[in-house]
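Undergrad: No gaps in the numbering here: position 23 of the sequence shown is 567 in this note's numbering, and each next residue is one more. Note that beta-carbon positions come from the ideal geometry of N, C-alpha and C, so glycine has one too. Model, not experiment: these values are computed from the prediction.
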Amino acid sequence: MALIVDHGLRAASAQEAAGTRDLLHRLGIEARVLRWSGPKPQSGLQAAARTERYRLLSDECRRQGILHLLLAHHADDQSETVTMRAARGSGLDGLAGMAALVERPHVRLLRPLLSVPRARLTATLLARGVPWIDDPSNVDLRFERARLRAAASTADTTPAGEGGIRAAGERRLAQAAVETLEFDQVGAAVIDRTGFCRLGTQLQARLLSRVVLAVGGRDHAPRRDRTERAARRLAAPVLRGKSGKGQDFTLSACRLTLRQVPGSRRLRWIVWPENGRNGGQPLVPAEFFACGGRAASHVD
545 MALIVDHGLR
555 AASAQEAAGT
565 RDLLHRLGIE
575 ARVLRWSGPK
585 PQSGLQAAAR
595 TERYRLLSDE
605 CRRQGILHLL
615 LAHHADDQSE
625 TVTMRAARGS
635 GLDGLAGMAA
645 LVERPHVRLL
655 RPLLSVPRAR
665 LTATLLARGV
675 PWIDDPSNVD
685 LRFERARLRA
695 AASTADTTPA
705 GEGGIRAAGE
715 RRLAQAAVET
725 LEFDQVGAAV
735 IDRTGFCRLG
745 TQLQARLLSR
755 VVLAVGGRDH
765 APRRDRTERA
775 ARRLAAPVLR
785 GKSGKGQDFT
795 LSACRLTLRQ
805 VPGSRRLRWI
815 VWPENGRNGG
825 QPLVPAEFFA
835 CGGRAASHVD
């Protein structure tokens, strides 16, 4: 089944969505149009549209019992994403680009075309006589991605080897998690303070970022500067006479509490959902997990 989102941002959008649905029907593909109704924001329109698009798609997949949702992001989209993230000073996770597999509460997102250039997809459609509709927002210079395309500045800009470097980092991070973390049955994560202090500062921040992302149930990790400050706090010397509650603080929808293990001198940080629940997110989300280099399918 194909799912088509009509954002309702232009007068012709409903007609275009219906045309796409009819074309798919002629090709023997069942298709449904999902519409974003209601008021639209005056600023941050593309971000709001992206959030609403994923909500509509995920909700429909849940209603239809669909587990795998395939998205059409291609290699040019990936290069543009990496270029924009590099301009914002993203770290290794951001520079690895979009993940090809993302676990969400009710659906698994797959991007099987990340290694395929747009030119190849266009040539395939032309060879088969299949028409398509170009979204006018793709050339609307109000939007950053459209300005990148107009400047033709994204060709070969993906940093070479970032995906492979990130995959190696993920293996180190996974090993650190095995040695340092425990999870209880109520959605809290337990960080052994001694083990955490043995890690390098970058690995400490990456591990903490993943923990609060999973426990807090948010779609994105906290900003790097906030995570690094929090990681330093977790590893800082504990002042004698300081009560356990005096060490507590919050980070990205999580409450972090320093407690002593009963009957021992061992200390551990407990990361709780600040509001008592994690929003239905999987405890270990896959948004930031890389699976190989740029040319890999990422869905091995």
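Apart from the five residues on each side of it in sequence, which residues of its chain come closer than 7 Å, Cβ to Cβ, to A616?
TA: If we look at A616 and ignore the five residues flanking it on each side, its Cβ neighbours are L657.
Undergrad: Note down, in chain order, each residue of its chain lying with its Cβ closer than 7 Å to the Cβ of A721, except the 5 sequence neighbours on either side.
TA: L751
Undergrad: What are the residues that DSSP puts in a beta bridge with I814?
TA: V734 and T801
Undergrad: Check whether the region 579-589 and the region 642-657 touch, using three or more Cβ-Cβ pairs below 8 Å as the test.
TA: no
Undergrad: Taking Cβ to Cβ, would you say S602 is nearer than 8 Å to H650?
TA: yes
Undergrad: Rounded to the nearest angstrom, how far is the Cβ of V756 from that of L795, given a contact under 8 Å?
TA: 5 Å
Undergrad: Which runs of the beta strand (DSSP E), 3 residues or longer, sit entirely within the region 563-595?
TA: 575-579
Undergrad: At the level of alpha carbons, what is the spacing between R672 and L571?
TA: 12 Å
Undergrad: For D550, count the other beta carbons within 10 Å of its own beta carbon; 16 or more makes it buried, fewer makes it exposed. Which is it?
TA: buried
Undergrad: Over the uninterrupted beta strand (DSSP E) stretch that includes A550, give me the two end residues.
TA: For clarity, residue 550 is Asp in the given sequence; the question names Ala instead. Unbroken beta strand (DSSP E) run through D550: A546 to D550.
Undergrad: If you run the structure through DSSP and keep just helix, strand and coil, what is R762?
TA: Here R762 sits in coil by DSSP.
Undergrad: Please report the distance separating the alpha-carbon of T702 from that of R810.
TA: With a pLDDT of 46 at T702, under the threshold of 50, the modelled position of this residue cannot be trusted; read the value that follows with caution. Their Cα atoms are separated by approximately 45 Å.
Undergrad: What's the C-alpha gap between H569 and A561?
TA: 12 Å
Undergrad: Could you name the residues of the same chain whose beta carbon sits closer than 7 Å to that of A779, not counting the 5 residues immediately before and after it, in chain order?
TA: F740, C741 and Q748
Undergrad: How big is the Cα-Cα spacing for R770 and R762?
TA: 15 Å
Undergrad: Using CA atoms only, rank isn't needed, just tell me which of L653, V759 and L670 is closest to R521.
TA: For residue 521 there is no data in the structure shown, the boundaries of the chain being 545 and 844.
Undergrad: Can you pull the DSSP bridge partners for E726?
TA: V734
Undergrad: Alpha carbon to alpha carbon, how far is I610 from E604?
TA: Near 8 Å, if we compare the C-alpha coordinates of E604 and I610.
Undergrad: What residues in its chain sit with their C-beta under 8 Å from that of T724, if we drop five residues either side in the sequence?
TA: Residues I735, D736, G739, F740, L743 and L751 of the same chain have their beta carbon placed closer than 8 Å to that of T724, with the five preceding and five following residues left out of the count.
Undergrad: By alpha-carbon positions, which one of S623, R715, N819 and G790 ends up nearest to G760?
TA: Scanning S623, R715, N819 and G790 for the CA closest to the CA of G760 turns up N819.
Undergrad: Can you tell me whether DSSP reads V646 as helix, strand or coil?
TA: In the structure shown, V646 sits in a strand (DSSP, three-state: E or B).
Undergrad: Between A775 and T745, what straight-line distance do the alpha-carbon atoms span, to the nearest angstrom?
TA: 8 Å
Undergrad: Relative to the C-alpha of L665, which candidate in D620, S753 and R648 has its C-alpha closest?
TA: D620
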